[in-house]
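Per our numbering, the very first residue in the sequence shown carries number 3; after that it's consecutive.
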Amino acid sequence: MTLTIHYRDDMVPADAPGNYSKSPSKPRRFLEFLRTTPLWPHIDLQDTFSPLTRDDLLLAHKPAYVDAFLAGTQPRCESNGLVWSPAFRDSVLLTNACLLSAITAAVDNPTQVTMAPVSGFHHAQPSGGSGYCTFSGQVIAALKLYRERGLRGAWVDLDGHFGNSIEDSREFAPDLDAAIAPGLNINPSGSHGGYLADLTAKLAALKQAVLSGNVEYVAFAHGADSHEWDQLGYQCSTAEWLQAAELVYWMLAEVRKVRPLPVTVALFGGYRDDHPESVLGLHAMDVAVCLRRLCGVDLNYQAEVRPRA
Ligand SMILES: [Zn+2]
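Structure representation (structure tokens):
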């Protein structure tokens with residue numbers, strides 16, 4: 003079985019010099035990287051999704067912020083910490099749509115594992131962006147799936163930074179408590195052995211929630227900035243980071259033996275100016291674990307993760 007990556011070339015804006023975060027160009031760089039690996043023949047691409055609309059954004063955000071970002075009104079349009087341009091705006095509408103598209107496709111066909119190779123959501127708040135995150139794509143997707151289909155999800159967020167977007171949106175959208183129940187926006191704390199122990203405990207609770215019928219889909223983002231050589235990370239050695247991937251996909255595989263649980267994967271953060279390929283390599287090795295555990299494709303793939311210069 004293949005992994006279906008939802009991707010459009012125009013998700014990526016023309017380079018915006020001066021940004022600390024290179025995440026806006028990551029979808030394209032990640033796809034180019036994957037193309038050079040033995041994983042590529044096991045990947046399908048899906049590009050039939052359209053940009054989110056203003057109404058979609060209003061599910062999770064206040065009109066004043068949505069309209070400022072759409073129009074490029076300073077300073078609020080750059081509250082995410084990124085330089086605004088019309089091309090960047092258009093790319094944000096597509097990356098948020100990509101996440102929704104990937105989750106929706108997994109829900110429609112749970113045998114298919116889907117991926118949205120995107121970032122830039124989990125620090126956004128109802129009234130503004132934050133930390134290179136513009137809109138709460140997770141919240142928008144969760145509310146759409148809950149309001150339109152009654153589906154409840156969970157997020158496993160292994161980015162190095164706490165995914166506050168979901169928690170910070172609960173007051174704005176009270177039914178988010180049903181769409182992603184408190185406790186099911188999983189962000190482990192600690193580092194090294196403690197991090198893996200906390201993740202293990204939280205995955206056990208998630209497994210129980212899924213098997214009890216309280217969670218209908220799971221989304222997983224393995225941010226590479228939870229790696230100890232990342233500019234912003236400290237949590238995991240390479241072996242520990244890959245062990246975290248094993249723990250997540252193993253649990254999902256166990257559940258999928260019992261019920262057809264939809265699974266979607268996203269990228270989230272990762273910052274290595276000295277060797278950006280280390281970030282892409284970590285994400286690719288995560289995909290390799292996903293393919294082995296969930297798609298029955300065992301490639302024994304290893305990427306270079308270079309110690310920080
Ligand atoms: Zn991060």
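Ideal placement from N, C-alpha and C gives every residue a C-beta, glycine not left out.
Worksheet entry | Cross-strand partners of Leu84 (DSSP beta bridge) | Paired residue(s): none; Leu84 is not in a bridge.
Worksheet item: Ends of the alpha helix (DSSP H) at Tyr251?
Response: That run of the alpha helix (DSSP H) goes 240-260.
Fill in: Distance CB(Gly133)-CB(Gly83) smaller than 8 angstroms
Closer than 8 angstroms, so yes.
Fill in: Closer than 7 angstroms: Gly162 CB and nearest ligand 1 heavy atom
Checking every heavy atom of ligand 1 against the Cβ of Gly162, one is found closer than 7 angstroms.
Worksheet item: Hey, would you say the C-beta of Gly271 is under 7 angstroms away from at least one heavy atom of ligand 1?
Response: Yes, Cβ of Gly271 sits closer than 7 angstroms to a heavy atom of ligand 1.
Fill in: Buried versus exposed, by CB contacts within 10 Å (16 or more), Met117
Met117 is classed as buried because its beta carbon has at least 16 other beta carbons within 10 Å across all chains shown.
Item to complete: Determine the burial state of Gln210: buried for a count of at least 16 other Cβ atoms within 10 Å of its Cβ, exposed for fewer.
Response: Classification of Gln210: exposed, given that the 10 Å Cβ count is below 16.
Item to complete: Return the chain-ordered list of same chain residues with a C-beta closer than 7 angstroms to the C-beta of Gly298, the five sequence neighbours on each side being excluded.
Response: Taking C-beta separations shorter than 7 angstroms and ignoring five residues to either side along the sequence, the partners of Gly298 in its chain run Met3, following chain order.
Worksheet item: Anyone know if the C-beta pair for Ala226 and His285 falls short of 8 angstroms?
Response: Cβ distance < 8 angstroms, so Ala226 and His285 count as in contact.
Fill in: C-alpha gap between Pro309 and Arg274, whole angstroms
Going by C-alpha positions, Pro309 is about 10 angstroms away from Arg274.
Worksheet entry | Span separating the alpha-carbon of Leu296 from that of Gly192 | Distance between the alpha carbons of Leu296 and Gly192: 27 angstroms.
Worksheet entry | Runs of alpha helix (DSSP H) wholly within the stretch 23-49 (minimum 4 residues, chain order) | Within the stretch 23-49, the alpha helix (DSSP H) runs of at least 4 residues that lie entirely inside it are, in chain order, 28-37.
Worksheet item: Do Gly122 and ligand 2 come close, with the Cβ less than 7 angstroms from some heavy atom?
Response: Absence of ligand 2 is noted for the structure shown, with ligand 1 being the only ligands found.
Item to complete: Within the stretch 54-116, note down every full alpha helix (DSSP H) run reaching 4 residues or more, in order along the chain.
Response: The stretch 54-116 is shown to contain whole alpha helix (DSSP H) runs of 4 or more residues at 56-60, 65-73, 88-110, in chain order.
Practice prompt. Look at the alpha carbon of Val260 and the alpha carbon of Val220, and state the distance between them as a whole number of angstroms.
Written response: A straight-line Cα-Cα distance of about 15 angstroms links Val260 and Val220.
Practice prompt. Leaving out five residues on either side along the sequence, give the residues of the same chain with a beta carbon under 8 angstroms from the beta carbon of Leu254.
Written response: Val220, Phe222, Leu263, Val265, Arg295, Leu296, listed in sequence order.
Item to complete: Please confirm whether Ile142 and Asp58 have their CB atoms less than 8 angstroms apart.
Response: Yes, these two residues count as a Cβ contact at 8 angstroms.
Fill in: Contact set for Asn21: own chain, Cβ-Cβ below 7 angstroms, skip 5 residues either direction
Excluding residues within five positions, the ones whose Cβ falls inside 7 angstroms are Leu84, Val85.
Worksheet item: Just to confirm, does Leu234 get its C-beta within under 7 angstroms of one of the non-hydrogen atoms of ligand 1?
Response: A heavy atom of ligand 1 is found nearer than 7 angstroms to the CB of Leu234.
Worksheet item: At a cut-off of 7 angstroms, is Asp92 close to ligand 1 when judged by its beta-carbon and the heavy atoms of the ligand?
Response: Taking 7 angstroms as the cut-off, one finds no heavy atom of ligand 1 near enough to the beta carbon of Asp92.
Item to complete: Could you check how far apart the C-beta atoms of Gly155 and Cys135 are, in whole angstroms? I think they sit under 8 angstroms.
Response: That pair is no contact at about 19 angstroms.
Worksheet entry | CA-to-CA distance, Leu60 to Ala66, given in whole angstroms | Whole-angstrom Cα-Cα distance: 10 angstroms.
Worksheet item: Asp227: beta carbon under 7 angstroms from a heavy atom of ligand 1?
Response: Under cutoff, so the answer is yes.
Worksheet entry | Ile45 beta carbon less than 8 angstroms from that of Ile105 | No, these two residues do not count as a Cβ contact at 8 angstroms.
Worksheet item: Buried or exposed: where does Asn111 fall if 16 or more other Cβ atoms within 10 Å of its Cβ makes it buried?
Response: The residue in question, Asn111, is exposed, as its Cβ has fewer than 16 Cβ neighbours within 10 Å.
Discussion item. What does the alpha-carbon distance come out to for the pair Gly152 and Ala311?
Written reply: Near 49 angstroms, if we compare the C-alpha coordinates of Ala311 and Gly152.
Worksheet entry | Among Gly283, Asp300, Asn302, Phe137, nearest to Arg37 - alpha-carbon criterion | Out of Gly283, Asp300, Asn302, Phe137, Gly283 has the C-alpha closest to the C-alpha of Arg37.
Item to complete: Please name the residue in Asp92, Val217, Gln237 whose C-alpha comes closest to that of His224.
Response: Taking the Cα of His224 as reference, the smallest distance to any Cα among Asp92, Val217, Gln237 is reached at Gln237.
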